[in-house]
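In this note's numbering, the protein residues as written are 5 to 881. We put the CB at the ideal spot given by N, CA and C, even for glycine.
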């Protein structure tokens with residue numbers, strides 16, 4: 005034990021006496037009484053009325069709390085300079101915690117009179133006591149109250165949604181043992197699984213791994229393993245890895261060393277300390293960062309851990325249970341357990357079987373949930389009809405118990421008492437509708453419109469008629485660009501509106517495209533049955549990219565925007581292509597595999613707010629005819645050769661609504677969405693798509709230059725390029741056009757090489773997906789440029805109409821929006837596209853990572869390129 009002079013010097017340096025005059029400190033110390041407490045002894049116990057204030061001069065104390073049921077939980081540890089006991093003195097009540105000496109303690113004690121008349125009389129000490137008490141309450145209550153509450157009872161979740169009554173009789177853990185002793189096998193496979201897990205791992209406190217699909221009862225198994233173990237009476241904690249980032253998770257599990265300016269000198273305890281002689285469950289453990297997995301594996305091997313910012317070794321006296329989705333191990337460690345951690349639990353791995361693997365439990369589960377929700381909602385719904393029961397037995401239940409509970413809860417709410425449930429049961433919440441999506445087909449007006457026999461035939465016929473009139477005006481109308489209504493409708497009104505529609509309506513334009521009307525009419529006559537040639541299917545991405553580049557080259561180089569005849573030729577060429585392929589091949593081969601306009605639509609529709617998706621589980625497990633894709637004698641199949649359950653992006657779906665009309669299971673959803681996840685979750689990204697995105701980004705530059713500085717390239721060519729050698733504008737414009745494309749492709753190749761090295765991926769895999777992240781920004785740039793075309797040229801339309809009427813139009817009409825207002829909208833559009841592109845690229849880079857940890861430094865180069873493109877495009881529009 006240190007000498008008393010050393011103890012006094014320790015107290016003089018304590019946080020409580022800081023800023024107090026040294027002479028006053030000596031006087032106060034003299035007013036107290038010294039006390040020593042042996043290691044392991046209690047200073048006082050919870051409920052005692054030892055009304056003294058204690059300051060630790062030397063040693064370390066442990067503060068614990070008893071709760072109902074006889075369990076004891078660690079609240080904190082405090083060391084030299086720390087104090088305790090003021091709460092009982094200030095409230096004139098008994099102590100609410102136990103204080104035990106972890107080491108031999110030297111305490112300076114003050115009775116109630118000395119505390120009130122000596123310590124509290126000093127304003128500095130009074131203020132520090134108040135602050136220390138507030139901090140202690142914040143740390144102890146806020147950080148631990150919720151944890152203490154859930155330490156006895158595991159957090160409720162979609163997986164832990166069965167009450168103990170479901171396991172009553174022979175299916176409870178104890179009842180099962182009695183039932184088996186009497187020769188009665190357990191009725192529930194779920195109960196058998198959980199009992200098997202509890203029995204298998206009860207004899208050891210080594211870490212356990214539980215895997216399975218979401219909703220299979222993994223948390224129930226973890227809790228029963230805990231209850232059957234030697235730690236069954238100890239605390240039980242569940243920590244969902246998704247709720248914390250890596251740094252927060254370390255703080256949550258390991259705690260934090262006392263802060264340098266902590267008046268009460270209380271350490272912030274982590275879950276591992278609070279759960280001593282208990283169990284800690286790490287839910288979604290496959291999402292642990294690789295570095296944290298290595299650290300956790302080391303802790304399990306060593307048997308001790310240290311707090312954040314601390315170096316004191318604390319024994320690990322908790323059982324750890326890891327809960328993961330299926331396939332918990334992968335060498336790269338991305339969203340999986342690393343081999344170093346998996347090796348520690350590989351021999352203690354228990355997998356919960358999905359509900360579809362034990363269908364005989366379904367009737368009993370139905371009865372359980374009907375009783376539960378009938379009681380909850382004051383109804384008497386006891387059964388489902390035979391047809392619905394058959395549907396339940398045939399359904400694969402991808403969401404397992406959680407999905408069944410949700411389905412039957414909804415059915416009981418909609419059902420009537422004393423009636424069997426039938427059509428109230430709505431199976432299969434598709435993955436595509438959830439937090440970020442809303443199924444528009446729930447709205448009766450939308451469903452009626454999409455399923456009407458007039459959609460898309462009537463809009464297509466009207467648009468086809470408009471195109472015919474535009475074509476006539478282009479061929480036979482005035483040669484002056486501003487006076488030709490066909491040119492105005494094509495480039496000033498039609499093309500900008502189509503660009504705008506990509507963001508809001510995805511590829512709907514293709515379903516009503518007037519250019520396909522001749523081919524559609526031809527197919528009704530010829531009824532071709534030839535399949536698409538294999539060569540076209542294989543290389544369609546490259547063919548469409550090439551035709552799209554050719555189309556822009558013709559438009560920009562020969563300035564089709566000012567040439568009625570060239571515009572008519574472009575429209576005619578695309579129409580003829582659709583007509584020829586519609587005569588010889590079934591469905592819409594041209595639209596799916598060849599059309600250059602379709603290529604633009606396909607790329608720019610991907611970040612749209614609208615999507616069509618199918619509940620793939622219903623399609624694969626309940627559908628028997630797949631008429632949505634194949635069609636039948638009375639209804640055609642998908643014109644784009646895509647089965648709805650295979651659609652994971654907007655690229656190949658034209659939203660014609662044919663599958664919605666054909667599907668009798670209501671499996672198809674037309675979702676309004678906030679996050680276009682396909683940009684980073686594309687199942688099969690294509691290199692040709694990424695290259696087309698880069699080409700479109702490059703094409704924007706000559707397009708915008710010609711738009712903002714008309715005649716610049718022609719004038720540059722006529723002056724001889726500074727060398728006195730006049731050239732034709734076409735070669736110069738072509739060099740400028742293809743030069744931009746080559747520069748952009750070279751830059752994209754270099755960026756892909758850099759990101760491939762940073763992420764540890766191949767160049768091709770990186771180049772195939774990295775272009776998708778640029779789509780929102782490129783689309784926003786085109787939208788901004790065409791906004792100026794639209795608002796600046798829309799005044800030509802009434803003048804053209806008056807000319808046709810013989811009244812003479814006013815071609816000097818003002819803009820419909822001032823340049824400043826238009827620029828604000830353009831800036832907002834480009835900024836929104838930049839934000840979306842930055843986020844999409846960030847998610848793509850995280851997806852590409854194999855063996856390395858994600859860092860914002862990896863994102864620096866693509867972020868710089870995107871920001872630079874945004875600035876340049878905004879400058880040009």
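Cβ distance (whole Å) where residue i is taken to contact residue j below 8 Å
i           : j           : result
residue 656 : residue 646 : 5 Å
residue 617 : residue 710 : That pair is no contact at about 39 Å.
residue 654 : residue 615 : 6 Å
residue 498 : residue 582 : The pair is not a contact, with the Cβ atoms about 17 Å apart (cut-off 8 Å).
residue 467 : residue 490 : Not confirmed; about 15 Å, so no contact.
residue 257 : residue 275 : 5 Å
residue 45  : residue 92  : In fact, because the Cβ distance is near 19 Å, the residues do not count as touching under 8 Å.
residue 400 : residue 457 : Actually they do not touch by this definition, with Cβ atoms about 34 Å apart.
Nearest to residue i (by Cα), restricted to the options the options
i           : options               : result
residue 284 : 313, 306, 295 and 228 : 228
residue 35  : 119, 829, 696 and 425 : 119
residue 562 : 359, 250 and 733      : 733
residue 330 : 280, 812, 255 and 214 : 214
residue 895 : 743, 742, 740 and 778 : Given a span of 5 to 881 for the chain in the structure shown, any question on residue 895 remains unanswerable.
residue 644 : 225, 515, 638 and 822 : 515
residue 715 : 848, 458 and 736      : 736
residue 219 : 708, 253, 208 and 328 : 328
residue 464 : 853, 659, 866 and 277 : 659
residue 639 : 685, 594 and 455      : 455
residue 317 : 308, 323, 324 and 571 : 308
residue 700 : 629, 684 and 608      : 608
residue 204 : 666, 226, 389 and 861 : 226
residue 480 : 79, 769, 520 and 568  : 568
residue 689 : 851, 414, 529 and 637 : 851
residue 365 : 867, 197 and 650      : 197
residue 869 : 758, 69 and 685       : 758
residue 763 : 712, 859 and 746      : 859
Reduced DSSP secondary structure (H/G/I, E/B, other) of residue i
i           : result
residue 765 : coil
residue 798 : coil
residue 356 : coil
residue 198 : helix
residue 853 : coil
residue 302 : helix
residue 329 : coil
residue 57  : strand
residue 346 : helix
residue 407 : helix
residue 821 : coil
residue 37  : strand
residue 675 : strand
residue 214 : strand
residue 607 : helix
Beta carbon proximity, residue i to chain D, threshold 7 Å
i           : result
residue 275 : Of the protein chains in this structure there is only one, and it is not chain D.
Buried or exposed (CB count within 10 angstroms, at least 16 for buried), residue i
i           : result
residue 830 : buried
residue 189 : Annotation note: pLDDT 37 at residue 189 (below 50); position unreliable, no value reported.
residue 513 : buried
residue 680 : buried
residue 805 : exposed
residue 838 : buried
residue 875 : exposed
residue 594 : buried
residue 86  : buried
residue 579 : buried
key: the segment 107-122 / the segment 59-69 touching (three or more Cβ pairs under 8 Å)   = These segments touch.
ask   = Does the pairing of the segment 671-689 with the segment 751-767 give three or more beta-carbon distances under 8 Å?
value = Under the 8 Å Cβ criterion, the segment 671-689 does not count as touching the segment 751-767, having fewer than three qualifying pairs.
query = Taking contact to mean at least 3 C-beta pairs separated by less than 8 Å, is the segment 407-415 in contact with the segment 363-381?
reply = Using a Cβ-Cβ distance cut-off of 8 Å, the segment 407-415 and the segment 363-381 are in contact, since at least three pairs of beta carbons, one from each stretch, lie closer than that value.
inquiry  = Check whether the segment 530-548 and the segment 591-602 are in contact - that is, three or more C-beta pairs closer than 8 Å.
reply    = Result yes; three or more Cβ-Cβ pairs closer than 8 Å.
query = Do the segment 381-397 and the segment 336-356 meet, that is, are 3 or more Cβ pairs less than 8 Å apart?
reply = The answer is no - the segment 336-356 does not touch the segment 381-397, with fewer than three Cβ pairs under 8 Å.
query = Touch check for the segment 232-246 and the segment 346-354: three-plus C-beta pairs under 8 Å?
reply = Contact fails between the segment 232-246 and the segment 346-354, because fewer than three Cβ pairs, one in each stretch, are under 8 Å apart.
task = For the segment 827-842 and the segment 785-800, state whether three or more C-beta atom pairs, one from each stretch, are separated by less than 8 Å.
result = Judged by Cβ distances under 8 Å, the segment 827-842 makes contact with the segment 785-800, as three or more pairs qualify.
inquiry  = Using a Cβ distance threshold of 8 Å, determine whether the segment 95-104 contacts the segment 47-55, with at least three qualifying pairs required.
reply    = Yes, they touch.
ask   = Between the segment 444-455 and the segment 521-535, are three or more C-beta pairs nearer than 8 Å?
value = Look at the beta carbons and you see the segment 444-455 not touching the segment 521-535: under three pairs across the two are nearer than 8 Å.
Validate contact between the segment 21-33 and the segment 120-128 using beta carbons, cut 8 Å, 3 pairs = Put simply, the segment 21-33 touches the segment 120-128. At least three CB pairs are less than 8 Å apart.
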